[in-house]
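I have placed the structure first, in the form of structure tokens, so that the comments after it can refer back to it.
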Amino acid sequence: MTIAEKQEQETDELRNFRENWKKEVWEKQRLQQAPSQASVANPSTTASLNQPDAKAHTHTLGRLQSRNNALEVYSRAVKHEQASELDDALRLYRQAFRLDSNVDKAYHLREQKAAPRAPETSASVTATSVQPNAENTVAGSVGPAVDGGVVRVKRRSSSAHHPERQVSGLLAQIVVEFPVPLCFEPEDEREPLHLQRLPDELLVHILSYLGVTTIELFACVSSDDIVDNYSDYRRMYIERPRLRLDGVYIAVCHYIRHGMSENAWVNISHLITYHRYLRFYPNGQVISLLANEEHEPQHVITMLKPTLRMKGFYIGTWKLSGLTVHISNLVDPSNLHARYSFQMKLSLRSRPLGRWNKLEFNGYECIKLEDGEATALALKNERPFWFSKVRSYSSNTVG
């Protein structure tokens with residue numbers, strides 16, 4: 051006999067017991083009443099009048115008992131599902147729905163009532179500056195609050211997502227100095243301000259990608275450029291040239307070197323393979339590495355950091371101007387008395403649109419530090435760089 055059949059049998063027995071008990075009570079009341087009272091002379095009539103109400107009450111109690119049993123079985127099924135015991139969970143779910151077809155709704159309603167109510171977001175935001183005993187309370191949308199060096203940026207009341215974003219470090223120090231409430235004003239009052247339409251969480255996300263040398267340019271964002279050249283911010287992000295900071299650009303280069311042979315009728319040629327690596331950082335720093343085929347890319351990528359010291363490793367600075375990448379001051383950090391530095395000029399390409407995953411050599415020069423004389427280097431064997439995303443790299447940190 052299944053659990054459902056046992057529960058149905060127990061429910062029928064309970065219903066029969068209640069009905070028999072009520073009949074016994076009515077029989078005792080009939081015997082105790084005086085025979086002279088005409089209104090109660092026929093107790094069978096009175097009992098027949100009260101029996102429908104009793105049956106309705108008994109039916110209601112039975113439904114409540116069935117609902118409680120179904121909820122108990124459904125709760126056990128949920129626990130089994132959370133423990134990845136899917137067979138037991140499926141069996142209990144079926145049993146619960148046989149007891150009550152709406153048990154899932156009753157369960158979720160019970161859970162909602164049992165869960166503590168989250169406090170509503172207040173319309174006023176309190177911003178505490180870094181200096182002690184300095185508080186500013188404002189009723190607005192973008193007030194930052196400082197707590198132990200972490201700034202919590204409150205959202206506008208109209209924002210639908212990310213009710214609170216946390217920033218720390220240098221960005222926290224900058225955000226805490228923002229005026230409260232924060233609002234952007236156009237240079238020309240007659241012109242619309244498209245930046246104002248961005249939600250607060252997106253502005254904070256943009257700031258998190260800016261380095262020390264570029265964050266000051268945030269205030270110089272030209273909305274006219276966006277309106278004139280792009281339809282919206284999404285198209286601007288896709289079509290506007292940018293260097294990828296979440297991975298490394300790799301160029302696989304080959305050349306043939308002729309070897310020596312003891313046999314005059316045999317020519318020996320060696321195919322030499324080497325790799326060039328470029329990794330860009332948001333603070334304007336770039337690291338370059340030239341490695342031969344003894345160092346596999348999967349091993350080099352994990353070591354490619356500013357702290358690396360090996361032959362062919364250089365650190366310099368980069369600047370993006372339109373589609374041209376200027377890399378300068380490439381020097382060996384392990385050689386404190388270097389006499390030469392290197393500089394590159396590359397063209398940024400995107401295959402397909404929006405990837406910005408290709409760098410082509412336009413020029414490569416050696417600079418004599420003593421007098422600044424530049425000597426062009428041959429690009430005969432150089433190949434384009436292709437971007438490779440690295441999960442362990444962070445696009446907004448150095449190292």
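Each residue of the sequence shown is one higher than the last, beginning at 51 in the working numbering. Using N, Cα and C, we set each Cβ at its ideal position, and we do this for glycine too.
(request) Can you check DSSP and say which residues form a bridge with Phe67? (result) For the purposes of this step, residue 67 is taken as the residue at position 17 of the sequence shown. Partner(s): none; Phe67 has no beta bridge.
(message) Considering only their Cβ atoms, is the gap separating Leu257 from Trp406 smaller than 8 angstroms?
(response) For the purposes of this step, residue 406 is taken as the residue at position 356 of the sequence shown. For the purposes of this step, residue 257 is taken as the residue at position 207 of the sequence shown. Against a cut-off of 8 angstroms, the Cβ pair of Leu257 and Trp406 comes out as no contact.
(request) Can you grab the Cα-Cα spacing for the pair Ala341 / Arg389, in whole Å? (result) Numbered from its first residue, the sequence shown carries residue 341 at position 291. Numbered from its first residue, the sequence shown carries residue 389 at position 339. Cα to Cα, Ala341 sits roughly 21 angstroms from Arg389.
(message) Helix, strand or coil, according to DSSP, for Pro375 in the structure here?
(response) As a first step, residue 375 must be located in the sequence shown, where it is residue number 325. The residue asked about is misnamed: residue 375 is Val in this sequence, not Pro. In the structure shown, Val375 sits in a strand (DSSP, three-state: E or B).
(message) Check whether the region 395 to 402 and the region 360 to 377 touch, using three or more Cβ-Cβ pairs below 8 angstroms as the test.
(response) yes
(request) Would you kindly report the start and end of the unbroken alpha helix (DSSP H) that includes Ser258? (result) Residue 258 sits at position 208 when you count from the first residue of the sequence shown. Taken as a continuous stretch (DSSP letters only), the alpha helix (DSSP H) holding Ser258 covers Asp250 to Ser258.
(request) Please name the residue, chosen from Asn152, Trp368 and His320, that lies closest to His494 on a Cα-to-Cα basis. (result) As shown, the chain starts at 51 and ends at 449. That puts residue 494 outside it, with no answer to give.
(message) So the candidates are Val153, Asn333 and Ile300; which of them puts its Cα closest to the Cα of Arg433?
(response) What you label residue 433 is simply residue 383 of the sequence shown in a count that begins at 1. The residue with the shortest Cα to Cα distance from Arg433 is Ile300.
(message) Taking the alpha helix (DSSP H) that Ala139 belongs to, which residues open and close that run?
(response) As a first step, residue 139 is located in the sequence shown; it is residue number 89 there, counting from the start. First-last of the alpha helix (DSSP H) with Ala139: Leu136 to Leu149.
(request) Pick helix, strand or coil for Ala127, following the three-state DSSP scheme. (result) In the sequence shown, counting from the first residue as 1, residue 127 sits at position 77. Of the three classes helix, strand and coil, the one that applies to Ala127 here is helix, per DSSP.
(message) According to DSSP, Ser391 sits in a beta bridge with which residue or residues?
(response) One-based indexing of the sequence shown puts residue 391 at position 341. Answer is Ile417.
(request) Going by CA-CA distance only, name the one from Lys408, Ala146 and Leu427 that's closest to Tyr327. (result) Position 277 of the sequence shown, counting from 1, holds the residue named residue 327. When each option's Cα is compared against that of Tyr327, the closest is Lys408.
(request) Note down, in chain order, each residue of its chain lying with its Cβ closer than 6 angstroms to the Cβ of Ala424, except the 5 sequence neighbours on either side. (result) Locating residue 424 in the sequence shown gives position 374, counting from the first residue. These residues qualify, in order along the chain: Glu415 and Ile417.
(request) Check Ser311 in the structure and name its three-state DSSP category. (result) Locating residue 311 in the sequence shown gives position 261, counting from the first residue. Ser311: coil per DSSP, three-state reduction.
(request) Run the CB neighbour count on Tyr331, radius 10 Å, all protein chains shown included, and call it buried at 16 or more, exposed below. (result) Residue 331 sits at position 281 when you count from the first residue of the sequence shown. Buried, by the Cβ-count rule.
(request) Go to Ile288, then tell me how far its alpha helix (DSSP H) extends in each direction, as first and last residue. (result) As a position in the sequence shown, residue 288 is number 238, starting the count at 1. Note, Ile288: alpha helix (DSSP H), Tyr283 to Glu289.
(message) Can you tell me which residues form a DSSP beta bridge with Trp436?
(response) As a working note, residue 436 is residue 386 in the sequence shown. DSSP, once it has assigned bridges, lists Ile300 and Lys408 as partnering Trp436.
(message) I want to check one thing, is the minimum distance from the CB of Asn279 to the heavy atoms of the ligand GTP below 7 angstroms?
(response) You won't find the ligand GTP in this model; it holds no ligand whatsoever.
(message) Between which residues of its own chain and Lys439 is the CB-CB distance below 7 angstroms, once the five residues before and five after are set aside?
(response) Counting from one through the sequence shown, the residue named residue 439 turns up at place 389. Result list for Lys439: Asp296 and Gly297, in chain order.
(message) Just to confirm the assignment, what range does the alpha helix (DSSP H) spanning Tyr280 have?
(response) Numbered from its first residue, the sequence shown carries residue 280 at position 230. Segment: none, Tyr280 is in no alpha helix (DSSP H) and carries neither H nor E.
(request) Taking the CB atoms as reference points, tell me whether Asp150 and Ser116 lie closer together than 8 angstroms. (result) Start at 1 with the first residue of the sequence shown, and residue 150 comes out as number 100. Start at 1 with the first residue of the sequence shown, and residue 116 comes out as number 66. It is a contact, given that the beta carbons lie within the stated cut-off.
(request) Taking all protein chains shown into account, decide if Gln452 is buried (16 or more other Cβ within 10 angstroms of its Cβ) or exposed. (result) Nothing about residue 452 can be read from this structure; the chain reaches only from 51 to 449.
(message) Less than 8 angstroms between the C-beta atoms of Leu380 and Ser338, yes or no?
(response) In the sequence shown, counting from the first residue as 1, residue 380 sits at position 330. In the sequence shown, counting from the first residue as 1, residue 338 sits at position 288. Going by C-beta atoms, Leu380 is nearer than 8 angstroms to Ser338.
(request) Would you decide whether Asn152 is buried or exposed? Buried here means 16 or more other CB atoms lie within 10 Å of its CB. (result) Start at 1 with the first residue of the sequence shown, and residue 152 comes out as number 102. By the neighbour-count rule (16 or more Cβ atoms within 10 Å), Asn152 is not buried but exposed.
(message) Rounded to whole angstroms, what is the Cα-Cα separation between Ser442 and Leu427?
(response) Numbered from its first residue, the sequence shown carries residue 442 at position 392. Numbered from its first residue, the sequence shown carries residue 427 at position 377. If you take the alpha carbons of Ser442 and Leu427, they lie about 34 angstroms apart.
(request) Alpha carbon to alpha carbon, how far is Pro242 from Gly413? Give it in angstroms, no decimals. (result) To locate residue 413, count along the sequence shown from 1; it is residue 363. To locate residue 242, count along the sequence shown from 1; it is residue 192. Answer to the nearest angstrom: the Cα atoms are 43 angstroms apart.
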